[in-house]
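These notes concern the structure reproduced below.
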Amino acid sequence: CCELRKPTMGIKGLQGFVARVCPDACRTVDLKEMAEKHRIAHPDVLPVIVVDAMSCVRRWYTPESWVCGGQWREYLAVLENFIETFKAAGIELVFYFDGVVEEKKRDEWIKRRQHNNKEIANLFQFIKTHRKQPGREMFVLPSALPTFTRYALKALGQKTVCTLQEADFEVAAYGLQHNCMGILGQDSDYLIYNTSPYFSIEKLCLDRLVTVMYSREDLCRALGLSMKHLPLFACLLGNDVVPENLLEGFWHKCLVTCPSRSKSYNRRTSIILAVANYISKIPCSYSSLKHLEEMLPLGSDKTLLHRGMESYLLPGQQSPWIPPDARNVKVSSGQEETAMCRDKEIFQLAKEHHIQSENYAIFNILSNGELECSNSLEDDCDTEIPGQALIYRPARQHIYSVLLESEKDGACPLVKEWFVYCGNPLQQPELIQPVQPPIPGGTPNLKTLWFAKGPDVEKQQYSTFLACFHLQDAMEELQALEAPVAAFCCLLTYLMLQVSSLSLEDLNAFVALILCLRGKSAAELATLQVLIGITE
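Take the sequence shown: its letter number 496 is residue 828 in the numbering used here, and every next letter is one higher.
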């Protein structure tokens with residue numbers, strides 16, 4: 333699935349506010365110098381920067397032909413250069429990727445997907461009108477690039493983590509617990525967490541390792557607040573937990589009591605200052621929080637503000653707004669108790685592979701029977717080729733069957749899919765029935781496939797994989813090929829079987845990719861000429 337410009341990362345308008353109104357909170361820093369100071373203060377450990385990878389993928393992917401995509405070796409070279417630059421300065425990187433969509437943020441996820449659909453529609457309309465690729469202002473990442481980036485970083489020997497919770501929470505927690513040198517990303521939530529210093533990926537000059545560090549302390553000074561106020565400040569401005577539409581009345585009251593300091597300020601800047609002024613005048617107590625919950629139109633969920641505040645508290649941290657006995661402690665073992673997979677050994681292995689970025693989808697299926705896929709770079713007006721979500725659904729149904737067939741007394745439970753494609757309003761998940769793959773003797777036991785050893789098991793693993801794509805009869809031919817070529821042939825054969833509108837010319841173009849480009853370096857591939865203009 334492709335990731336586009338997110339409408340907001342963190343608290344809307346806060347990053348821009350800091351740059352415009354609080355310049356003292358934006359310090360230009362030399363990461364090499366900071367690393368040296370960190371080494372002196374902590375001689376037993378390497379300086380570590382935690383990287384919010386989803387904030388960085390747009391920065392890493394730079395090819396001009398971004399609509400066509402597919403510049404894999406060039407992309408690997410960019411990542412390798414990024415890693416080596418930090419390594420030369422003695423800085424170790426740890427990369428974090430989103431691994432789940434938390435249920436409390438599902439509505440926000442849907443809004444973003446719908447917003448992205450409009451961006452993609454505008455992109456294809458531009459191409460049809462002008463017969464060329466638009467400029468960078470309409471930039472959309474190639475489909476599935478964040479997923480492939482995980483594998484690329486692992487192939488380059490980097491520690492790569494796929495999260496079990498919201499990524500910014502786990503990034504902030506890792507930074508705090510491991511006394512990291514800093515966090516590299518572009519998400520204003522990192523201004524709210526009380527954690528390691530926050531560095532900007534957008535402002536990073538890689539050659540000199542110079543960037544902007546956003547100072548929470550200086551932000552607090554400019555707002556007349558303290559660090560303990562920041563979680564409430566974030567919630568009362570609106571974030572992924574507390575929707576902005578519930579806060580309009582509250583903002584109006586704040587603006588009445590604290591008029592704008594300058595006519596040049598836009599409304600959002602005035603709101604930020606007015607909300608900060610309001611917070612500075614109330615006691616830091618649980619009773620103040622309860623009063624706010626009663627005052628705000630939170631509807632039936634009066635705990636919304638409480639949960640929003642709590643989402644910024646990292647392990648071991650306390651808040652004067654929320655006493656310890658009022659906290660909802662997150663218990664990771666709860667996942668196992670409510671998991672669709674009851675086998676502890678299978679569940680634990682899937683969880684480990686998930687965290688290690690081996691395969692995030694399998695754990696989400698085994699833990700809660702749910703899977704999502706973001707927007708793909710597809711033209712909804714092109715009715716000849718169905719969306720990838722529908723093309724690959726038959727294969728997914730077979731995979732669901734392999735993963736879940738032995739559960740629930742042999743009855744295979746339905747899987748909830750949140751897949752973005754033309755015609756799916758995303759009002760609720762689609763309930764997908766697992767389908768047994770065409771394997772003589774039935775689907776093999778998952779425990780056997782994962783834990784048993786020996787040549788017979790390896791043959792069974794391979795035949796099960798092929799059966800999910802209806803290619804079990806081609807096993808002997810595929811085994812004779814190198815693994816990358818065999819995988820490509822599996823994919824291409826499956827596509828040709830599923831999509832009747834694909835032509836011989838399409839097939840030849842796909843085959844040319846694997847035959848003609850193998851062995852070429854990133855530099856050679858970067859100089860390939862792409863036809864100017866896009867034809868029908």
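Here a beta-carbon is modelled for each residue, glycine too, at the ideal position from N, C-alpha and C.
Point to revise | Burial state of F783 (16 or more Cβ within 10 Å) | key: Taking the sequence shown and counting its residues from 1, the one referred to as residue 783 is at position 451. Flag for F783 reads exposed.
Exercise for review: Give the DSSP-derived three-state secondary structure of S602 in the structure shown.
Suggested key: Working through the sequence shown from its first residue, we reach residue 602 at position 270. Reduced to three states, the DSSP call for S602 is helix.
Practice item. Find the nearest neighbour of R600 within the set I611, Y610, L587, judged by alpha-carbon distance. Key: Looking up residue 600 in the sequence shown gives position 268. Residue L587 is the option with its Cα nearest to R600.
**Study point:** Same chain, Cβ closer than 8 angstroms to G774, neighbours up to 5 away in sequence not counted
**Key:** Position 442 of the sequence shown, counting from 1, holds the residue named residue 774. Around G774: Q768.
Review point. Taking the alpha carbon of E704 as the point to measure from, which residue in G401, H638, V382, W441 has its own alpha carbon closest?
Key: The residue labelled residue 704 in the question sits at position 372 within the sequence shown. The option with the nearest alpha carbon to E704 is W441.
Check your understanding: Among the residues of its own chain, which have a CB less than 7 angstroms from the CB of L834, if the five just before and after it don't count?
Key -> Sequence index remark: in the sequence shown, residue 834 carries index 502 (1-based). Closer than 7 angstroms at the Cβ level, and outside the excluded window around L834, lie L827, M828.
**Study point:** K852 to W404 span [Cα, whole Å]
**Key:** In the sequence shown, the residue the question calls residue 852 occupies position 520. In the sequence shown, the residue the question calls residue 404 occupies position 72. Approximately 11 angstroms between the Cα atoms of the pair.
Point to revise | Inter-residue spacing [alpha-carbon to alpha-carbon] between L860 and E762 | key: Within the sequence shown, numbered from 1, the residue matching residue 860 stands at position 528. Within the sequence shown, numbered from 1, the residue matching residue 762 stands at position 430. Each residue's alpha carbon lies about 42 angstroms from the other.
Check your understanding: How would you label Q490, buried or exposed, when you count the other beta carbons within 10 angstroms and need 16 or more for buried?
Key -> Looking up residue 490 in the sequence shown gives position 158. Buried, since its Cβ has 16 or more Cβ neighbours within 10 Å.
Exercise for review: With Y546 as the anchor, note down where its beta strand (DSSP E) starts and where it stops.
Suggested key: Sequence index remark: in the sequence shown, residue 546 carries index 214 (1-based). From DSSP, the beta strand (DSSP E) with Y546 extends over 542 to 546.
Check your understanding: Are C822 and L803 touching if we call contact CB-CB under 8 angstroms?
Key -> Indexing the sequence shown from 1 puts residue 822 at position 490. Indexing the sequence shown from 1 puts residue 803 at position 471. Going by C-beta atoms, C822 is nearer than 8 angstroms to L803.
Exercise for review: Compare the C-alpha of V607 against each of A566, L637, Y597, R639 and name the closest.
Suggested key: For this step, residue 607 is matched to residue 275 along the sequence shown. The option with the nearest alpha carbon to V607 is A566.
Exercise for review: Alpha carbon to alpha carbon, how far is F801 from P772? Give it in angstroms, no decimals.
Suggested key: For the purposes of this step, residue 772 is taken as residue 440 along the sequence shown, with counting starting at 1. For the purposes of this step, residue 801 is taken as residue 469 along the sequence shown, with counting starting at 1. Using only the alpha carbons, I get a separation of about 15 angstroms.
Review point. What residue from N598, I459, F820, W750 has the CA that sits closest to A693's CA?
Key: Here residue 693 refers to the residue found at position 361 when the sequence shown is read from its first residue. When only C-alpha atoms are compared, the closest one is W750.
Point to revise | According to DSSP, residues forming a beta bridge with F501 | key: As a first step, residue 501 is located in the sequence shown; it is residue number 169 there, counting from the start. Note: F501 sits in no beta bridge, so no partner.
Check your understanding: What is the rounded straight-line gap between the Cα of S664 and the Cα of K460?
Key -> By 1-based counting over the sequence shown, the position of residue 664 is 332. By 1-based counting over the sequence shown, the position of residue 460 is 128. The predicted model places S664 with a pLDDT of 48, which falls under 50 and marks its position as unreliable; any figure quoted below should be read in that light. In a straight line, the C-alpha of S664 is about 49 angstroms away from that of K460.
**Study point:** Euclidean distance between Cα positions of T492 and E451
**Key:** Here residue 492 refers to the residue found at position 160 when the sequence shown is read from its first residue. Here residue 451 refers to the residue found at position 119 when the sequence shown is read from its first residue. In a straight line, the C-alpha of T492 is about 30 angstroms away from that of E451.
Practice item. With a 10 Å radius around its C-beta and 16 neighbouring C-beta atoms as the bar for buried, classify L652 as buried or exposed. Key: Counted from its first residue, the sequence shown places residue 652 at position 320. The amino acid at residue 652 is misidentified as Leu; the sequence shows Pro. Flag for P652 reads exposed.
Review point. S699 by DSSP, collapsed to three states: which one?
Key: As a first step, residue 699 is located in the sequence shown; it is residue number 367 there, counting from the start. Note: S699 maps to helix in three-state DSSP.
Check your understanding: Mapping DSSP to helix, strand and coil, what is T417?
Key -> Taking the first residue of the sequence shown as position 1, residue 417 is located at position 85. Reduced to three states, the DSSP call for T417 is helix.
Review point. Counting Cβ pairs closer than 8 angstroms, one from the region 495 to 507 and one from the region 412 to 421, do we hit at least three?
Key: no
Check your understanding: Do three or more CB pairs link the region 513 to 522 to the region 455 to 471 at distances below 8 angstroms?
Key -> no
Check your understanding: Looking at the structure shown, is Y875 part of a helix, part of a strand, or coil, going by DSSP?
Key -> Residue numbering for the chain in the displayed model covers 333 to 868; residue 875 lies beyond these limits and cannot be assessed.
**Study point:** Cutoff 6 angstroms; reference E576; Cβ partners in own chain excluding five residues on either side
**Key:** Counted from its first residue, the sequence shown places residue 576 at position 244. Answer for E576: G570, listed in chain order.
Practice item. Go through the region 378 to 420 residue by residue and report every complete run of the alpha helix (DSSP H) that reaches 4 residues or more, in order. Key: 385 to 392, 404 to 420
Review point. Any idea which residues DSSP pairs V350 with across the strands?
Key: Stepping through the sequence shown from its first residue, residue 350 is reached at position 18. DSSP output for V350 lists no bridge partner at all.
**Study point:** Those runs of the alpha helix (DSSP H) which lie wholly inside the region 434 to 469 and span at least 4 residues
**Key:** 438 to 462
Exercise for review: Could you give the DSSP three-state label for R359: helix, strand or coil?
Suggested key: Translated into positions along the sequence shown, residue 359 becomes position 27. Residue state, collapsed to three classes: strand.
Exercise for review: Identify which residue in A373, P375, M366 has its Cα closest to the Cα of I381.
Suggested key: In the sequence shown, the residue the question calls residue 381 occupies position 49. The option with the nearest alpha carbon to I381 is M366.
Review point. Helix, strand or coil: how does DSSP classify G581 here?
Key: For the purposes of this step, residue 581 is taken as the residue at position 249 of the sequence shown. Reduced to three states, the DSSP call for G581 is helix.
Point to revise | Inter-residue CB distance, E424 and L378 (contact presumed, cutoff 8 angstroms) | key: Looking up residue 424 in the sequence shown gives position 92. Looking up residue 378 in the sequence shown gives position 46. So it is a contact: roughly 5 angstroms between Cβ atoms.
**Study point:** Enclosing alpha helix (DSSP H) for S620 [first to last residue]
**Key:** Counting from one through the sequence shown, the residue named residue 620 turns up at place 288. That run of the alpha helix (DSSP H) goes 618 to 627.
Review point. Taking 8 angstroms as the CB-CB cut-off, is L735 touching chain D?
Key: Although the question refers to chain D, the structure presented lacks it and comprises just one protein chain.
Point to revise | Cα-Cα separation between F582 and L636, rounded to whole angstroms | key: By one-based count along the sequence shown, residue 582 stands at place 250. By one-based count along the sequence shown, residue 636 stands at place 304. The alpha-carbon atoms of F582 and L636 are separated by roughly 15 angstroms.
Exercise for review: Would you mind stating whether H730 and A682 have Cβ atoms separated by less than 8 angstroms?
Suggested key: Locating residue 730 in the sequence shown gives position 398, counting from the first residue. Locating residue 682 in the sequence shown gives position 350, counting from the first residue. No, Cβ-Cβ distance for H730 and A682 is not below 8 angstroms.
Point to revise | Cβ pair count under 8 angstroms reaching 3, the region 537 to 552 against the region 613 to 629 | key: no
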